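Accompanying notes for the structure given below.
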Amino acid sequence: MKRLTSLLALAISFFSVIACGDGTKTLLPNVSGKAGEIIVVVNKGDWEGAVGNELRGLLASDCPFLPQKEPLYTLINITPATFTNIFQLHRNIVFVNIDQNVTEPGVVYKSDQWAQPQCIVLVNAPDSDTALSILKENGKNILNAFEQAERDRVIINSIQYEEYSLRKAVAETFGGSPYFPIGYSMKKQTNDFFWISYDTQYTIQGVFVYRYPATGKDDLTLDNIIRHRNEMLKANVPGMFENTWMTTAEAVAPSLEYLKYRGREFAQTRGFWEVHNDYMGGPFISHSFYSKDGKYIIVLEAFVYAPRYDKRNYLRQVESIIYSFEWEDQQEKR
């Protein structure tokens, strides 16, 4: 028990060490671990009890709108005694510190503590019941912290290794653009519809950027978004055979929520796509919002085709790309 307490104290003490003695930031190694993984540091008793159940329900519930069941995140339990240097470099860490000496229960969020780009969530509680309450009260923020961290890693990579010609072409037509990493290429370009994709032998990660006139009434309702989506895809995304084209699957109704992300308001639609008169299909996510002059609805859509593989990480990657959208004046300030 004394050894466990010492290890916990040592690990937690790192949360207060973020700079060198001269005030300059320490050079950190790159993070380890796979995309979509989270290390959960908590003792076995709590992992197998109510605290662990709450964490699994929060972070490992079914990822929405995937054809097969996949968890939001893959959780790896590490006890405090085995939380050594090798695990401290992981990209995502939840540290549940249950100690009767805790005087300020709550959640602490840290970035780039032992590696970069790293996301760490520390839950401090004097007992298991308090830890459970903290997780229930702060669950949404904890999940959002990891979602944002995973998204930012893709966006940083897209900006650092950008295929600039794609952003330039999209921005010239739509007044702004996402950042596309090297490997993506233009498959189709018209006055109102761009199709940009990263294709391998067995997978497709695609982005559509298109627009249509705004009417000022019901522009961002689900029915209107899906109606225009189907019209645009029928006209621009043919299937492999005659009389086939991409459309919205009707077996599972799409979802709609209104979000604000870094100053940009949009309607986010999730659902499934399929090819009319064929058997291809997969998940999609789209952002619909007004152009700067208010004359158009601009749509950014990410979709995945990966029949041989799990799709969570593929979709999260391409979804992050559409989250990287910036107007031209924002891009000029970089």
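Throughout the sequence shown, residue numbering follows mature numbering (1 follows the signal peptide of the UniProt record, and there is no 0), covering -19 to -1, 1 to 315 in sequence. Don't be surprised by glycine CBs; every beta carbon is placed ideally from N, CA and C. Treat the numbers as computed from the prediction; the structure is a model and nothing was measured.
Between the stretch 303 to 315 and the stretch 272 to 291, the count of Cβ pairs shorter than 8 Å is three or higher; the stretches touch. Contact check for Ala126 against Pro98 fails: the beta carbons are separated by 8 Å or more. Shortest Cα-Cα distance from Phe222 to any of Ser236, Tyr260, Tyr239, Leu203 involves Tyr260.
When secondary structure is reduced to three states using DSSP, Lys117 falls in the helix class.
Here Pro52 has Ala41 as same chain residues with Cβ atoms under 6 Å from its own Cβ, once five neighbours each way along the sequence are excluded. If you look at Ala216, you'll find it in the alpha helix (DSSP H) that goes 203 to 217. Between the alpha carbons of Asp133 and Val299 lies a gap of roughly 12 Å. Linking Pro159 to Ser166 through their CA atoms gives a straight-line distance of about 13 Å. With respect to the 8 Å criterion, Ala195 and Tyr277 are classified as neighbours on the basis of their beta carbons. The closest CA to that of Val190, considering only Ser139, Ala62, Gln170, is found on Gln170. Within the DSSP secondary-structure output, Glu246 pairs in a beta bridge with Lys241. Cβ contact annotation for Gly156 (same chain, cutoff 7 Å, sequence separation greater than five): Ser272, Lys273, Trp308, Glu309, in chain order. Pairing Ile266 with Arg251 gives a Cβ-Cβ distance under 8 Å.
Contact annotation: the stretch 89 to 103 touches the stretch 12 to 19, with at least three C-beta pairs closer than 8 Å.
Exclusion of the five residues before and after Phe76 leaves Val22, Leu103 as the residues of its chain whose Cβ lies within less than 6 Å of its Cβ. For the pair Leu124 and Val32, the CB atoms are not nearer than the 8 Å cut-off.
Assignment of beta-bridge partners to Phe306 by DSSP yields no partner. Taking a contact as a CB-CB distance under 8 Å, the pair Val88 and Ile185 does not count as one, their CB atoms being some 39 Å apart.
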